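Asker: Let me give you the structure first, and then I'll get to my questions.
Number of protein chains: 2
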Amino acid sequence: MWHCQGVSRPEPPAGAVRQGSLREWNLTLVLDRIAAADRPPSRAELAAETSLTRATVSAVVEDLVTGRLVTEAEPTPRTGAGRPARGLVLAPDGPAGLGLEVNVDYLAVCVVDLTGRIRHHTVHRADLRPVSPAEALGRLAGLAARARADAAGQGLTLAGAALAVPGLVDDAGRVRLAPNLGWRDVAVAALLAGHPPLTAHVEGVPPLVVDNEANLAALGELHSGPPGPASFLHISGEVGIGAGIVLDGALFRGARGWSGEIGHMSVRPDGPACRCGGRGCLETYTGQEAILAAAGLAGADLPADTATTRLAELAAAGEPAALRALQEAGTALGVAVAGVVNLLDLDTVVLGGGYAPLVPWLRPPVLAEISRRVLTAAWSPVTVRPAVLGAEAAAVGAAGSVVRRILARPAGWLARHG
Amino acid sequence: MWHCQGVSRPEPPAGAVRQGSLREWNLTLVLDRIAAADRPPSRAELAAETSLTRATVSAVVEDLVTGRLVTEAEPTPRTGAGRPARGLVLAPDGPAGLGLEVNVDYLAVCVVDLTGRIRHHTVHRADLRPVSPAEALGRLAGLAARARADAAGQGLTLAGAALAVPGLVDDAGRVRLAPNLGWRDVAVAALLAGHPPLTAHVEGVPPLVVDNEANLAALGELHSGPPGPASFLHISGEVGIGAGIVLDGALFRGARGWSGEIGHMSVRPDGPACRCGGRGCLETYTGQEAILAAAGLAGADLPADTATTRLAELAAAGEPAALRALQEAGTALGVAVAGVVNLLDLDTVVLGGGYAPLVPWLRPPVLAEISRRVLTAAWSPVTVRPAVLGAEAAAVGAAGSVVRRILARPAGWLARHG
Numbered sequence: 001m002w003h004c005q006g007v008s009r010p011e012p013p014a015g016a017v018r019q020g021s022l023r024e025w026n027l028t029l030v031l032d033r034i035a036a037a038d039r040p041p042s043r044a045e046l047a048a049e050t051s052l053t054r055a056t057v058s059a060v061v062e063d064l065v066t067g068r069l070v071t072e073a074e075p076t077p078r079t080g081a082g083r084p085a086r087g088l089v090l091a092p093d094g095p096a097g098l099g100l101e102v103n104v105d106y107l108a109v110c111v112v113d114l115t116g117r118i119r120h121h122t123v124h125r126a127d128l129r130p131v132s133p134a135e136a137l138g139r140l141a142g143l144a145a146r147a148r149a150d151a152a153g154q155g156l157t158l159a160g161a162a163l164a165v166p167g168l169v170d171d172a173g174r175v176r177l178a179p180n181l182g183w184r185d186v187a188v189a190a191l192l193a194g195h196p197p198l199t200a201h202v203e204g205v206p207p208l209v210v211d212n213e214a215n216l217a218a219l220g221e222l223h224s225g226p227p228g229p230a231s232f233l234h235i236s237g238e239v240g241i242g243a244g245i246v247l248d249g250a251l252f253r254g255a256r257g258w259s260g261e262i263g264h265m266s267v268r269p270d271g272p273a274c275r276c277g278g279r280g281c282l283e284t285y286t287g288q289e290a291i292l293a294a295a296g297l298a299g300a301d302l303p304a305d306t307a308t309t310r311l312a313e314l315a316a317a318g319e320p321a322a323l324r325a326l327q328e329a330g331t332a333l334g335v336a337v338a339g340v341v342n343l344l345d346l347d348t349v350v351l352g353g354g355y356a357p358l359v360p361w362l363r364p365p366v367l368a369e370i371s372r373r374v375l376t377a378a379w380s381p382v383t384v385r386p387a388v389l390g391a392e393a394a395a396v397g398a399a400g401s402v403v404r405r406i407l408a409r410p411a412g413w414l415a416r417h418g
Numbered sequence: 001m002w003h004c005q006g007v008s009r010p011e012p013p014a015g016a017v018r019q020g021s022l023r024e025w026n027l028t029l030v031l032d033r034i035a036a037a038d039r040p041p042s043r044a045e046l047a048a049e050t051s052l053t054r055a056t057v058s059a060v061v062e063d064l065v066t067g068r069l070v071t072e073a074e075p076t077p078r079t080g081a082g083r084p085a086r087g088l089v090l091a092p093d094g095p096a097g098l099g100l101e102v103n104v105d106y107l108a109v110c111v112v113d114l115t116g117r118i119r120h121h122t123v124h125r126a127d128l129r130p131v132s133p134a135e136a137l138g139r140l141a142g143l144a145a146r147a148r149a150d151a152a153g154q155g156l157t158l159a160g161a162a163l164a165v166p167g168l169v170d171d172a173g174r175v176r177l178a179p180n181l182g183w184r185d186v187a188v189a190a191l192l193a194g195h196p197p198l199t200a201h202v203e204g205v206p207p208l209v210v211d212n213e214a215n216l217a218a219l220g221e222l223h224s225g226p227p228g229p230a231s232f233l234h235i236s237g238e239v240g241i242g243a244g245i246v247l248d249g250a251l252f253r254g255a256r257g258w259s260g261e262i263g264h265m266s267v268r269p270d271g272p273a274c275r276c277g278g279r280g281c282l283e284t285y286t287g288q289e290a291i292l293a294a295a296g297l298a299g300a301d302l303p304a305d306t307a308t309t310r311l312a313e314l315a316a317a318g319e320p321a322a323l324r325a326l327q328e329a330g331t332a333l334g335v336a337v338a339g340v341v342n343l344l345d346l347d348t349v350v351l352g353g354g355y356a357p358l359v360p361w362l363r364p365p366v367l368a369e370i371s372r373r374v375l376t377a378a379w380s381p382v383t384v385r386p387a388v389l390g391a392e393a394a395a396v397g398a399a400g401s402v403v404r405r406i407l408a409r410p411a412g413w414l415a416r417h418g
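Written as structure tokens, this is what we have:
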């Protein structure tokens, strides 16, 4: 079976309709129209758009307002006689999503509200390779508890959490393998469950979802961009390299949810040994630490993000070793990306995570390899662009995935908080 | 937009139902149940399964029988009192699909009936690289005319045709690029249209669809295997190498329909020059002619299929050059396949076309590379198997695609032939 995440909506009730499911459908329909609108719609506009009666729309909106999912926008100026119609918007002070990330050299926590705004964001830099999984997740739980307190102070209720990890996750929330962290068969969901609960119990919103960081970063990027079904390859360049494949607005997860391991595509079959056990994987050429080492910045004892900023400064100043390292990394990345484009016929490649500040130097060699190697390149250009979100994409994507679950099934939240 | 071929069914009519569309929906529904049944269903069984009335089912079946889409199977033995129920099956003497293929070193034509049986199959071996597109398509039209006469003699009506080409095709039926044939911007649909029409005009069934041969071969394989939504990578190993990506029973076509160009994924970025203009593409290592050359069979002046058979014989006899050539080809193929599996998390790889007879020697090195390079290989095995169909897969897939269009919208056929 193919798992495409994204928001699955309840189907419109068919055949014999129970009142419960009809109410749920109407709630979802109206909330979806409010969330998707260009400008705050009035109740009358919602009725016209949904074919529901004015009375039904009014009752549904009242439920949504009482449950802090929707609020009235500032009145729009009168355009004629009568009262101005009050438009409806998603509530910025209702439920929110908690996004968590464990990566090789940082922990991140963020809170995103229903409108998609980031309300809290913490990044804690530390090399987590020498640290046990329990210790790493304990530190993360500490950061999360502070985020929760901050969110509560802003009137927000955390309705669920999602955790991004740089590895392969199974359905039970266990990390099967995270080669760059050195984790193998780590029950992260169980380890986090040992800490005090951070989120309210909401039907239809799991308290904790564990997912691959490249997948969540791609979802973060998808929902930070313009609305509409986008298709792109999002590459997260951290110590490891992961990719999220977004097709028509949905994440493509593969047969068992383990797609996107672009970091282990081969660039040179007999190249340097990789932490995965293979040789010549893309990661050995274009992982963050490989680029820094090639530029002579490996021994500088700086955190990777600071070293990356330094590398960008050196490249901007025309320092030859920095330029050469980025040229070589971009060429290897371009070889792999050209292979993906030949295989999947994607027209947009997004460079995210630690790559974002390096895009000015990575993009030209990536485009050169695409132009050399992609069969359709001559008449069908591929766009290579930096991600809208930077290194925070995975945590933001994680928090956003919680929010979208609430929007997709508002009845679960309303049952407790309405 | 993402084009997933496969059979698109009309949606069940919603809201106000017009009689025309309701009749069409019932025809499609009943025909689909007959096509999908394990054993010939009776009218009563169809009524129970579809929730249609007995009278409606009888009327629909009468239309389908009159239109030669359905026929009554041999009576089943009585199981109790009363008349034996007569089961219904797809008609073997109604409409059929014409499948055409132009490849680098052969032309192929086949006819597939509604039941999926191959009723005519011709392969004409000739190196088409020195031949103009018009001449090649003229020869193909000659073979097709003979296939049509043979089909008519068997009581079949060709309802439409599909043409497989080893290159990139646009929506207008133009080959943008077929590197191994040396074709660029060839209007194949227009060139074939200069020959007398071969198929009946049926609403909803285009007289000629042009598609990539690897896509059609993958569809041929999909519909030759067990029913149900399969997911696999199908690799067609001819002079060029193409792939069809099947996800949950549908072909994945990519943003512009040009997915599957696995032959131009890089194995060694600075390897041998490829006809595409790149270097070190998979095709330069594992294309049919590359394997034969490595085995010392290139100058033998044999057609590729005969030379491939000879290579298999030499390998079976333990001839060192043959074994070494296949080992090296399989290793290069394995590097590319491992990259695809890392990227897409597919669990089945099918080796088809000219690879089918070489699978005993290609499979071990392919599996070895998967095991070395795929992150999930240790706990999530990948099956590598030969295709059910051999080199005829693309033409059979092409003919089958026509048949599936008729099954998906029987009303078009019935309007003229009912």
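For the record, the sequence lines run as chains S and H.
So for the first sequence, full-length UniProt numbering puts the first residue at 1; every next one is plus one.
So for the second sequence, full-length UniProt numbering puts the first residue at 1; every next one is plus one.
Glycine residues also receive a C-beta, built at the ideal position from the N, C-alpha and C atoms.
Bear in mind that the values here come from a model prediction, so they are computed numbers and not experimental data.
Please report how far the alpha carbon of S:E24 lies from the alpha carbon of S:W413, in whole angstroms.
Answerer: Start at 1 with the first residue of the first sequence, and residue 24 of chain S comes out as number 24. Start at 1 with the first residue of the first sequence, and residue 413 of chain S comes out as number 413. One C-alpha to the other measures close to 11 Å.
Asker: Could you tell me which uninterrupted beta strand (DSSP E) segments, each at least 3 residues in length, are contained entirely in the region 281-357 of chain S, listed from first to last along the chain?
Answerer: With a minimum length of 3 residues, the continuous beta strand (DSSP E) runs that stay inside the region 281-357 of chain S are 348-353.
Asker: Leaving aside the five residues before and after H:A315 along the sequence, list all residues of the same chain whose C-beta is less than 7 Å from its C-beta, in chain order.
Answerer: The sequence position of residue 315 of chain H within the second sequence is 315, counting from 1. Correct list, in chain order: A322, L323, L326 and W361.
Asker: Where do the ends of the beta strand (DSSP E) carrying H:H195 lie?
Answerer: As a first step, residue 195 of chain H must be located in the second sequence, where it is residue number 195. Counting along the chain, H:H195 falls outside any beta strand (DSSP E), and DSSP gives it neither H nor E.
Asker: Let me see if you follow: with CB-CB separation under 7 Å, is H:A399 close to chain S or not?
Answerer: Sequence index remark: in the second sequence, residue 399 of chain H carries index 399 (1-based). No, because no Cβ of chain S sits closer than 7 Å to the Cβ of H:A399.
Asker: Express the C-alpha separation of H:G339 and S:P269 in angstroms, rounding to a whole number.
Answerer: Within the first sequence, the letter at position 269 stands for residue 269 of chain S. Within the second sequence, the letter at position 339 stands for residue 339 of chain H. Looking at the two C-alpha atoms, the distance is approximately 11 Å.
Asker: Determine the extent of the alpha helix (DSSP H) in which H:H223 is found, giving its start and end residues.
Answerer: Along the second sequence, one-based indexing puts residue 223 of chain H at 223. Unbroken alpha helix (DSSP H) run through H:H223: E213 to S224.
Asker: Determine the closest residue to H:R385 out of H:V366, H:E392, H:L114 and H:G153, with distance taken between C-alpha atoms.
Answerer: Locating residue 385 of chain H in the second sequence gives position 385, where the first residue counts as 1. The shortest C-alpha separation from H:R385 is found at H:V366.
Asker: Taking C-beta pairs closer than 7 Å, name the residues in chain S that H:H264 reaches, listed in chain order.
Answerer: Within the second sequence, the letter at position 264 stands for residue 264 of chain H. Ordered by position in chain S, the residues that pass the 7 Å Cβ test against H:H264 are N342, R373 and L375.
Asker: Between which two residues does the beta strand (DSSP E) containing H:S236 stretch?
Answerer: Walking along the second sequence from the start, residue 236 of chain H turns up at place 236. From DSSP, the beta strand (DSSP E) with H:S236 extends over F232 to G237.
Asker: Looking at the structure shown, is H:W258 part of a helix, part of a strand, or coil, going by DSSP?
Answerer: Position 258 of the second sequence, counting from 1, holds the residue named residue 258 of chain H. Correct three-state label for H:W258: coil.
Asker: State the start and end residues of the unbroken alpha helix (DSSP H) segment that holds S:V402.
Answerer: In the first sequence, the residue the question calls residue 402 of chain S occupies position 402. Per DSSP, S:V402 belongs to the alpha helix (DSSP H) from A393 to A408.
Asker: Please confirm whether S:D345 and H:R184 have their CB atoms less than 7 Å apart.
Answerer: Counted from its first residue, the first sequence places residue 345 of chain S at position 345. Counted from its first residue, the second sequence places residue 184 of chain H at position 184. Not a contact, by the Cβ cut-off of 7 Å.
Asker: List the whole-angstrom C-beta distance separating S:V111 from S:A399, where the pair is believed to meet the contact cut-off of C-beta under 8 Å.
Answerer: By 1-based counting over the first sequence, the position of residue 111 of chain S is 111. By 1-based counting over the first sequence, the position of residue 399 of chain S is 399. Rounded, the Cβ-Cβ distance is 6 Å, consistent with contact.
Asker: When DSSP builds the beta bridges, which residues end up paired with H:T71?
Answerer: Start at 1 with the first residue of the second sequence, and residue 71 of chain H comes out as number 71. H:V89, per the DSSP bridge assignment.
Asker: Could you check which residue in S:A189, S:L163, S:C281 and S:V131 has the C-alpha nearest to that of S:A172?
Answerer: Counting from one through the first sequence, the residue named residue 172 of chain S turns up at place 172. Checked all of S:A189, S:L163, S:C281 and S:V131; the closest Cα to S:A172 is S:A189.
Asker: Runs of 3 residues minimum, wholly inside the region 136-198 of chain H: which ones carry the beta strand (DSSP E) assignment?
Answerer: Correct list: 157-165, 175-178 and 183-186.
Asker: With a threshold of 7 Å between beta-carbons, can S:R409 be considered close to chain H, or not?
Answerer: For the purposes of this step, residue 409 of chain S is taken as the residue at position 409 of the first sequence. It does not: the Cβ of S:R409 has no partner Cβ on chain H nearer than 7 Å.
Asker: To the nearest angstrom, report how far apart H:L333 and H:C274 are at their CA atoms.
Answerer: The residue given as residue 333 of chain H occupies position 333 in the second sequence. The residue given as residue 274 of chain H occupies position 274 in the second sequence. Going from the Cα of H:L333 to the Cα of H:C274 covers about 16 Å.
Asker: Considering only C-alpha positions, which residue in the set H:I235, H:L311 and H:H195 is nearest to H:G142?
Answerer: Within the second sequence, numbered from 1, the residue matching residue 142 of chain H stands at position 142. That would be H:H195, whose Cα lies nearest to the Cα of H:G142.
Asker: Going by Cα to Cα distance, which pick from S:V57, S:A395 and S:D305 is closest to S:L358?
Answerer: Here residue 358 of chain S corresponds to residue number 358 of the first sequence, with the count starting at 1. Here the closest residue by C-alpha is S:D305.
Asker: Enumerate in chain order the residues of its own chain whose CB-to-CB distance from H:I370 is below 7 Å, with the five nearest sequence positions on each side excluded.
Answerer: Counted from its first residue, the second sequence places residue 370 of chain H at position 370. If we look at H:I370 and ignore the five residues flanking it on each side, its Cβ neighbours are G334, V337, A338, V341, A377 and V382.
Asker: Leaving out five residues before and five after H:A230 in sequence, what residues of the same chain have Cβ atoms less than 7 Å from its Cβ?
Answerer: By one-based count along the second sequence, residue 230 of chain H stands at place 230. Answer for H:A230: L222, V246 and G249, listed in chain order.
Asker: For chain H, is any of its Cβ atoms less than 7 Å away from the one on S:A395?
Answerer: Here residue 395 of chain S refers to the residue found at position 395 of the first sequence. Taking Cβ atoms only, chain H never reaches closer than 7 Å to S:A395, which makes this a no.
Asker: I need the boundaries of the beta strand (DSSP E) containing H:T122, first residue and last residue.
Answerer: Your numbering for residue 122 of chain H matches position 122 in the second sequence. Segment I118 to R125, the beta strand (DSSP E) holding H:T122.
Asker: Taking the continuous alpha helix (DSSP H) assigned at H:V60, which residues delimit it?
Answerer: In the second sequence, counting from the first residue as 1, residue 60 of chain H sits at position 60. It spans R54 to T66 - the alpha helix (DSSP H) in which H:V60 sits, taken as one unbroken run.
Asker: How is S:D270 classed by DSSP in three states: helix, strand or coil?
Answerer: As a first step, residue 270 of chain S is located in the first sequence; it is residue number 270 there, counting from the start. Coil.
Asker: Do S:N215 and S:L181 have their C-beta atoms within less than 7 Å of each other?
Answerer: By one-based count along the first sequence, residue 215 of chain S stands at place 215. By one-based count along the first sequence, residue 181 of chain S stands at place 181. Going by C-beta atoms, S:N215 is not nearer than 7 Å to S:L181.
Asker: Measuring only the C-alpha atoms, how far is H:G94 from H:E62?
Answerer: Position 94 of the second sequence, counted from the start, is the residue given in the question as residue 94 of chain H. Position 62 of the second sequence, counted from the start, is the residue given in the question as residue 62 of chain H. Distance between the alpha carbons of H:G94 and H:E62: 15 Å.
Asker: Residues of chain H with a CB under 7 Å from the CB of S:A255: which are they?
Answerer: The count along the first sequence starts at 1 and reaches residue 255 of chain S at position 255. What S:A255 touches in chain H: S231, D345, L346 and D347.
Asker: Should the region 191-205 of chain S be called in touch with the region 154-161 of chain S, which here means at least 3 C-beta pairs below 8 Å?
Answerer: Yes, the region 191-205 of chain S is in contact with the region 154-161 of chain S.
Asker: Would S:V104 pass as an interface residue toward chain H - the criterion being a Cβ-Cβ separation below 7 Å?
Answerer: By 1-based counting over the first sequence, the position of residue 104 of chain S is 104. Taking Cβ atoms only, chain H never reaches closer than 7 Å to S:V104, which makes this a no.
Asker: Report the neighbours of H:C276 on chain S: residues whose CB is nearer than 7 Å to its CB, in chain order.
Answerer: To locate residue 276 of chain H, count along the second sequence from 1; it is residue 276. Within 7 Å Cβ-Cβ: L375.
Asker: Straight-line CA distance for H:D38 to H:E49?
Answerer: Residue 38 of chain H sits at position 38 when you count from the first residue of the second sequence. Residue 49 of chain H sits at position 49 when you count from the first residue of the second sequence. About 13 Å.
Asker: Is it the case that the Cβ atoms of S:I241 and S:G287 are separated by a distance below 7 Å?
Answerer: As a position in the first sequence, residue 241 of chain S is number 241, starting the count at 1. As a position in the first sequence, residue 287 of chain S is number 287, starting the count at 1. Cβ atoms of S:I241 and S:G287: closer than 7 Å.
Asker: Helix or strand or just coil, what does DSSP make of S:A378?
Answerer: Counted from its first residue, the first sequence places residue 378 of chain S at position 378. Coil.
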